[in-house]
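A short write-up of the structure that comes next.
Number of protein chains: 2
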Amino acid sequence: MELSDRKKLILRAVVENYIQTAEPVGSKAIVASAGLKVSSATIRNEMAELENLGLLEQPHTSAGRIPSPQGYRLYVNELMEEHRLTIQETQKINDALHLKIRQMDQVMSEAGKIISQLTRYPTFALATGSKKAVISRYDLLMVEENSFIAVLMTDGQVVKNKLFRLSETVSAPQLQLLSTLLNTSFTGLTLEELTPELLKVSAHAGEEAYSLISLVVSFAIEVLEEMENHVVHTAGIPSLLAHPEYQSLEKAEPLMNFLSEMGERGSLPAVQGKNVKILIGPENLADELKDSSVIMASYDIGGGMQGVIGVVGPTRMDYADLAARLSYFAEGLSRMFGKGELAEPAEE
Amino acid sequence: MELSDRKKLILRAVVENYIQTAEPVGSKAIVASAGLKVSSATIRNEMAELENLGLLEQPHTSAGRIPSPQGYRLYVNELMEEHRLTIQETQKINDALHLKIRQMDQVMSEAGKIISQLTRYPTFALATGSKKAVISRYDLLMVEENSFIAVLMTDGQVVKNKLFRLSETVSAPQLQLLSTLLNTSFTGLTLEELTPELLKVSAHAGEEAYSLISLVVSFAIEVLEEMENHVVHTAGIPSLLAHPEYQSLEKAEPLMNFLSEMGERGSLPAVQGKNVKILIGPENLADELKDSSVIMASYDIGGGMQGVIGVVGPTRMDYADLAARLSYFAEGLSRMFGKGELAEPAEE
DNA sequence: TTTAGCACTCGTTCTTCCTGAGTGCTAAAG
DNA sequence: CTTTAGCACTCAGGAAGAACGAGTGCTAAA
């Protein structure tokens, strides 16, 4: 059933009032805020109906109404006006984008910090790959006679390095050989294929060569594992406390713990699809998020990889504003990654 | 003036009781806990004197006593028994040490996470260098005709890389030349010396070469800046909330914000000297820490660098236990970095 | 269909009172 | 001189109650 225009207006007024004040909205407040030429009693009747429809809720009998998750959902889907960022806001975001950002996986973590500062909400950021990551290239650089650096590059243009110190010495030709072998046998393999291949090669190679190979390949495995686990960066967790719904510790603590452990355990709401996505209250899979909302936006990194950045907050969030900011920010990132020439689009 | 043995015993009992219960300690409790054969009235007299000396405090007239910062200080300096870790605890730390740790600056951040999990307190970790860091070596790896990877190594054995994409193309010989130039002119220079040198070279080099050089040198500057700023990693901030002194938001919030921003702004209590250091309450420089204590331990990374890892908590902390853990952990890290052969002592 | 009026609900806040842990002091005992 | 028992006193914290007021639902009239 379609809502009457007046009901929509009222629902919207409730949501927007509540977003601002964090307090239940009464019928009088609606009369004052929305430009309706009816009395509060009429509004009360309408609100009672909206409550029956499950769009509004009463925290207790004699309080105003607050939007239910369904109410927010309807608001987000139909009622919300696309928020236009002010010039200052876009300027702020642009500045933030141009500053600071350096290496690929730092991009995600930096982006999170920036967004958190901009929005005063905790953020999370991660990268997802549509396909499995593989190592595309190995370079070995000699440091001293008993140490060398391995530089690995994945197909997603991510570069990682590691310094190895050995108990025995290696010569430059040995390293050269090793490098050739690695590039021949261990490129283009997914995580699952690496270990079997390692075993296979071990049969042919000598003891000493094998130990070197396995050192580097172990590192490759680490790198790929890290990428597959979609390491999550979080930032700005304490900013939760600034919002009235998390003033009570019982509310704040589990969520804060969840957020800070999210980074470790990689447990994350499954995400895909383009652009901005909003999950309201119980729409979230994780129990800890059932009373909170998540707004996230994805951006293209290139190389089949997508970055996702999101903010977490109370269901009472300024969805319009946040969605606009995230979206704009994500577009900026996509652009940065897109045309690699500009500025500093480098990756680690 | 030296305290009588009985006063010491009482002070110690107060501290240890309070550490456990987080509640003011009364005279009766002391009689029960310490093996003293005197009545509570006697204890009361003694406690009154200890209060006059500034070692104990009363939250309000009719409550028990709690240690003042000076009381804690005296306890830590003279009364505290060196805590011996149980075999399980050392085992736990050893496990943690061998696991996970990979790259140099990840060591610090990982170590922080581990300690935070072990202690249930927020941690911070950073590296300090006694001397200025310099770039000791540049390697340039060709990727495609319009992109290359720069691998930089500092004297502290820290390796960083970055992928550069260009709008024009470069040839292998060009890169070779560039690499030689960088290694000749831009190694061994501190942050302050790099920029002047860059200007000097720009005079001789052609337009195009100069733009490449400045790209890489800018990166070098970034790397050195990052190292000089002693980037601080924090972890486990939400675990603050588990402790009763931070149950009230007014107490918790400023500290949490301070900790989370510490990572950004690099503002940190100046640290040096070996081994474990304890800062109690007002001994901390930062205002936000005036009601908290910091326990930190340093470890040797090698190459003139020192790592520092610390925990932050209420003044009521189990100093003995935490100091022992941190110290043991730091020793483990020093050992790891010391003999480079073992396990995985690599650095980024 | 809208509105005014009114009784009712119920969270919030303020006050009051009570309790009990713990103190400081005094005076007697060791 | 030190220790102890006794006692009056203090004060945070919790419980209970009262007053308040914002907001509702319902009824009856416009």
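First to last, the protein sequences are chains A and B.
Numbering of the first sequence is given in the numbering used here, commencing with residue 72 and proceeding in unit increments.
Numbering of the second sequence is given in the numbering used here, commencing with residue 72 and proceeding in unit increments.
We put the beta carbon where it would ideally sit given N, CA and C, even for glycine.
Quick check: residue i and residue j, are their CB atoms within less than 8 Å of each other?
| i | j | result |
| --- | --- | --- |
| ASN232/B | ALA243/B | no |
| ILE186/B | ILE380/B | yes |
| LEU223/A | ALA291/A | yes |
| LYS163/A | LEU121/A | no |
| GLY378/B | TYR370/B | yes |
| VAL382/B | ILE372/B | no |
| SER104/A | ASN116/A | no |
| HIS301/A | GLY183/A | no |
| PHE257/B | LEU265/B | yes |
| PRO193/B | GLY307/B | yes |
| VAL241/A | GLU216/A | yes |
| LEU262/B | LEU295/B | yes |
| MET213/A | LEU234/A | no |
| LEU397/A | ALA368/A | yes |
What are the residues that DSSP puts in a beta bridge with residue i?
| i | result |
| --- | --- |
| ILE55/A | Nothing can be reported for residue 55/A, as the shown portion of chain A is limited to 72 through 419. |
| SER218/B | GLU215/B, ARG236/B |
| ARG191/B | BP columns for ARG191/B are empty, so no partner. |
| ILE433/B | Here chain B comprises residues numbered 72 to 419, so residue 433/B is not present and cannot be evaluated. |
| LEU197/B | VAL379/B |
| PRO138/A | LEU127/A |
| LYS231/B | LEU223/B |
| VAL102/B | For VAL102/B, which the question treats as bridged, DSSP gives no partner whatsoever. |
| VAL96/B | ARG136/B |
| ASP371/B | GLN377/B |
Less than 7 Å between C-beta atoms, sequence neighbours within five positions excluded: which residues of the same chain meet that for residue i?
| i | result |
| --- | --- |
| MET118/A | ILE81, SER98, LEU127, ARG136 |
| TYR143/A | VAL86, ILE351, THR386 |
| ARG191/A | SER310, ALA313 |
| SER405/A | TYR370, ASP371 |
| SER218/A | LEU234, PHE235, ARG236, LEU237 |
| LEU393/B | THR190, ILE366, VAL382 |
Excluding five sequence neighbours on each side, which residues of the same chain lie with their C-beta closer than 8 Å to the C-beta of residue i?
| i | result |
| --- | --- |
| LEU150/B | LYS79, LEU82, ARG83, VAL86 |
| SER110/A | VAL102 |
| ALA112/B | SER98 |
| ARG155/B | ALA395 |
| SER363/A | LEU326, GLY352, ASN355, VAL383, GLY384, PRO385, THR386 |
| THR161/B | TYR399 |
| PRO95/B | TYR89, GLN129, PRO130, ALA134, GLY135, ARG136, ILE137 |
| LEU44/B | Given a span of 72 to 419 for chain B in the structure shown, any question on residue 44/B remains unanswerable. |
| ASN165/B | GLY403 |
| LYS322/A | GLU316, ASP362 |
Return the chain-ordered list of same chain residues with a C-beta closer than 6 Å to the C-beta of residue i, the five sequence neighbours on each side being excluded.
| i | result |
| --- | --- |
| LEU168/A | GLY403 |
| ILE90/A | ARG387, ASP389 |
| ARG77/B | none |
| LYS348/B | MET367 |
Count the C-beta pairs between the region 199-207 of chain B and the region 321-336 of chain B that are closer than 8 Å, then say yes if the count reaches three, no if not. no
Below 8 Å, can you find three or more Cβ-Cβ pairs linking the region 312-322 of chain A to the region 380-399 of chain A? yes
Pick out the complete alpha helix (DSSP H) segments inside the region 259-285 of chain B, 4 residues or longer, and give them in chain order. 262-275
Tell me the start and end of each unbroken beta strand (DSSP E) in the region 291-342 of chain A that is at least 3 residues and wholly inside, in chain order. 304-306
Evaluate contact between the region 264-275 of chain A and the region 284-304 of chain A, counting only Cβ atoms and requiring at least three cross-stretch pairs below 8 Å. yes
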